[in-house]
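Worksheet: one structure, shown below.
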Amino acid sequence: MYYNVNFFNQYNLFQNLGGWLESIASKVNGRNPKDIIEIINQKANIEWFLFRAYSGIYRLLSMEESARFCVQQFKMQKPSLSLNTERINFWSPVLVDMVIDFNPFLNSMRIMQDYFLKIIKKETSIFNVPRSFNAVMKNLNNYKFKEDIKREFNIYWKKSGSRIKQYRDLEQHYQGIIDHTFLQLNPEEKLVIYLPDNPQERSINKTSYYLKIDALSFFRKAYFDFNEFAVNIASIFGYKPKKLEQPFPIKYGEIIKGKERTILLTIEDPLKCTGIEIRQNKDGKIVTQFRDAVLLKVNRIANPEFLNIRKRVKNLEEIPSPVEIKIRGFKKTDNIEEYVLFRADGYCENCGKKSPHVDRNNKPYLELEYITPPHKGGLNSIYNIVALCQDCQLVLSLATNKEELRNKLKNHIKYVEEEIDKKTY
Ligand SMILES: [Zn+2]
Numbered sequence: 411m412y413y414n415v416n417f418f419n420q421y422n423l424f425q426n427l428g429g430w431l432e433s434i435a436s437k438v439n440g441r442n443p444k445d446i447i448e449i450i451n452q453k454a455n456i457e458w459f460l461f462r463a464y465s466g467i468y469r470l471l472s473m474e475e476s477a478r479f480c481v482q483q484f485k486m487q488k489p490s491l492s493l494n495t496e497r498i499n500f501w502s503p504v505l506v507d508m509v510i511d512f513n514p515f516l517n518s519m520r521i522m523q524d525y526f527l528k529i530i531k532k533e534t535s536i537f538n539v540p541r542s543f544n545a546v547m548k549n550l551n552n553y554k555f556k557e558d559i560k561r562e563f564n565i566y567w568k569k570s571g572s573r574i575k576q577y578r579d580l581e582q583h584y585q586g587i588i589d590h591t592f593l594q595l596n597p598e599e600k601l602v603i604y605l606p607d608n609p610q611e612r613s614i615n616k617t618s619y620y621l622k623i624d625a626l627s628f629f630r631k632a633y634f635d636f637n638e639f640a641v642n643i644a645s646i647f648g649y650k651p652k653k654l655e656q657p658f659p660i661k662y663g664e665i666i667k668g669k670e671r672t673i674l675l676t677i678e679d680p681l682k683c684t685g686i687e688i689r690q691n692k693d694g695k696i697v698t699q700f701r702d703a704v705l706l707k708v709n710r711i712a713n714p715e716f717l718n719i720r721k722r723v724k725n726l727e728e729i730p731s732p733v734e735i736k737i738r739g740f741k742k743t744d745n746i747e748e749y750v751l752f753r754a755d756g757y758c759e760n761c762g763k764k765s766p767h768v769d770r771n772n773k774p775y776l777e778l779e780y781i782t783p784p785h786k787g788g789l790n791s792i793y794n795i796v797a798l799c800q801d802c803q804l805v806l807s808l809a810t811n812k813e814e815l816r817n818k819l820k821n822h823i824k825y826v827e828e829e830i831d832k833k834t835y
């Protein structure tokens, strides 16, 4: 359904569900329609579970990114601070954005628990079980689950499940949590945000923070504990690990005869910008076609003149030299500049939009920008300079997740250049 498998595969999460889905797909063949509906229901359960799990990992990673950003902000101030201490109090607007995400993250965790319970019920055909994971844990022995399954429930609950439940009303403690946020200096510089020991306590004065439960460490542990639980359960059912495949929804919609039109476009790989187009032909027939936007562009731009300029600049790597004020403080090598504009072909290399403005020579106006800026060691190289529209340039310069955006851009350009390599030689 609607999740991005990249995080799951990259962090080795929920891989046995890949095997599970594969097994479901193989069961469909040759069954009668009634059975197929039952089988497909379980597939939908697993996919909805993964959607919830995706919103969990997405929030976790973005909170961790914010924490790193806070440390970075601290480091920039560090030279002027008097740090004769173990830790300092810390506050930043980024911190507030992160704390606001605590509750949605914990919600995702609880919904994941309940959804996975639904999957277990269906697989074991034991249906007299409450909907909520928490309710099941109150009387686990009342249900006819096998011992090894019960054991996994207990292990997970003890590790972090029960704490997730306790943090249900964490929102009322946001004030206290922000007051218990520090920048720890030793052994590593790290943002620590303590969660209350007794979150059920409604009075701020009675809430204690002695246990020093660091929110982000706990959240990560809780997420990975749940992954272990899900993987172990799947493995008890006999499902082997397998990389998850990117699913996409198929909604054909209406078929209008006498008209060729695109019905659905799904992007499979956002970096390579590959996807699948489902189209209806004039006679109403459905055609499925693989689409590769980068390849399409490379084929468009890779004429002999372009490849010639590229030959001259491909291996250039120069340290940018400071010059007198020339828009930005560093001079880019002319040929690289020319090449990058040629490569962009009038389209922003970040968002793909056609530049709405033209320059003095009536050519589409794009701004040249370093991916890694010179003061951070970025070189004059075709891999480090991009042509951007003014919107993207602004977004990039103001973004709080600058590193992430720059990394994406870097990988994208690298991929484009690799595709052009195939054209040159
Ligand atoms: Zn753009």
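Counting in our numbering, the sequence shown runs from 411 upward without gaps.
Think of the CB as a built atom: it goes at the ideal place given N, C-alpha and C, for glycine as much as any other residue.
Quiz item: Do Y468 and L681 have their C-beta atoms within less than 8 Å of each other?
Solution: no
Quiz prompt | Residues bridged to I603 [DSSP beta-bridge criterion] | solution = T591
Exercise. Please work out which residues of its chain come closer than 7 Å, Cβ to Cβ, to N513, disregarding the five sequence neighbours upstream and downstream, and give them in chain order.
Key: L580, E581
Exercise. Could you check the C-alpha separation between F461 and F526 for me, to the nearest Å?
Key: Whole-angstrom Cα-Cα distance: 12 Å.
Quiz item: Based on Cα-Cα distance, which residue from D693, T782, G685 lies nearest to E670?
Solution: D693
Quiz item: Candidates R520, E557, K560: which alpha carbon is nearest R541's?
Solution: R520
Quiz item: Under a three-way DSSP split, which group does P680 fall into?
Solution: Of the three classes helix, strand and coil, the one that applies to P680 here is coil, per DSSP.
Quiz item: Do you know offhand how far E687's Cα is from Y464's?
Solution: 25 Å
Practice problem: Spatial neighbours of L470 within its chain, please: CB distance less than 7 Å, with the 5 preceding and 5 following residues excluded, ordered by chain position. | Solution: In the same chain as L470, and ignoring 5 residues on each side of it, the C-beta atoms closer than 7 Å to its own belong to F515, F629, R630, Y633, in chain order.
Quiz item: Closer than 7 Å: is that where the CB of K763 sits relative to any heavy atom of ligand 1?
Solution: yes
Exercise. Note down, in chain order, each residue of its chain lying with its Cβ closer than 7 Å to the Cβ of I498, except the 5 sequence neighbours on either side.
Key: F592, L593
Quiz item: Going by beta carbon distance, what residues of the same chain come within less than 8 Å of I529, once the five residues before and after it are set aside?
Solution: Q452, N455, I456, F459
Quiz item: Candidates G787, K786, T782: which alpha carbon is nearest V796's?
Solution: Taking only the C-alpha atoms, the option nearest V796 is T782.
Practice problem: Could you tell me the distance, in whole angstroms, from the CA atom of Y757 to the CA atom of L798? | Solution: 8 Å
Quiz item: Since D624 sits in a beta bridge, which residues does DSSP pair it with?
Solution: Y604
Practice problem: Have a look at E533, C761, R478, K773 and flag the residue whose alpha-carbon is nearest the alpha-carbon of G648. | Solution: E533
Quiz item: Roughly how many angstroms lie between the CA atoms of I446 and Q800, to the nearest whole one?
Solution: 52 Å
Practice problem: State buried or exposed for P609, treating a residue as buried only when at least 16 other CB atoms are found within 10 Å of its CB. | Solution: buried
Self-check item: Integer-rounded CB distance, given that S765 should sit under 8 Å from L776
Solution: Between S765 and L776 the Cβ distance is about 5 Å, and since that is below 8 Å, they are a contact.
Quiz item: Is DSSP giving G440 helix, strand or coil here?
Solution: coil
Practice problem: Spell out the partners DSSP gives Y780 in its beta bridges. | Solution: I795
Exercise. Using only the heavy atoms of ligand 1, determine whether one of them is closer than 7 Å to the beta carbon of L798.
Key: yes
Quiz item: Based on Cα-Cα distance, which residue from K650, I450, F424 lies nearest to A435?
Solution: I450
Quiz item: Roughly how many angstroms separate the alpha carbons of K667 and R689, rounded to a whole number?
Solution: 12 Å
Quiz item: Would the beta-carbon of C683 be found less than 7 Å away from any heavy atom of ligand 1?
Solution: no
Quiz item: What are the residues that DSSP puts in a beta bridge with N790?
Solution: E728
Quiz item: The alpha helix (DSSP H) with D511 in it runs from where to where?
Solution: Where D511 is concerned, there is no enclosing alpha helix (DSSP H), given that its DSSP letter is neither H nor E.
Quiz item: Taking 7 Å as the line, does the beta carbon of D755 fall inside it for any heavy atom of ligand 1?
Solution: No, ligand 1 has no heavy atom inside 7 Å of this Cβ.
Self-check item: Inter-residue Cα distance where the pair is Q699 and Q656
Solution: 16 Å
Practice problem: Determine the direct distance from the alpha carbon of N821 to that of L605, and round the result to whole angstroms. | Solution: C-alpha separation (whole angstroms): 37 Å.
Quiz item: So which of H590, K600, F639, R561 has the shortest CA-CA distance to Y619?
Solution: H590
Exercise. Confirm the yes/no value for this check: CB of C758, any heavy atom of ligand 1, distance under 7 Å.
Key: yes
Practice problem: Measure the beta-carbon distance from N419 to K653 and round it to whole angstroms, keeping in mind my assumption that it falls under 8 Å. | Solution: Yes, they are in contact, since the Cβ atoms of N419 and K653 sit about 5 Å apart, within 8 Å.
Quiz item: What separation, rounded to the nearest whole angstrom, lies between the Cα atoms of K695 and Y413?
Solution: 29 Å
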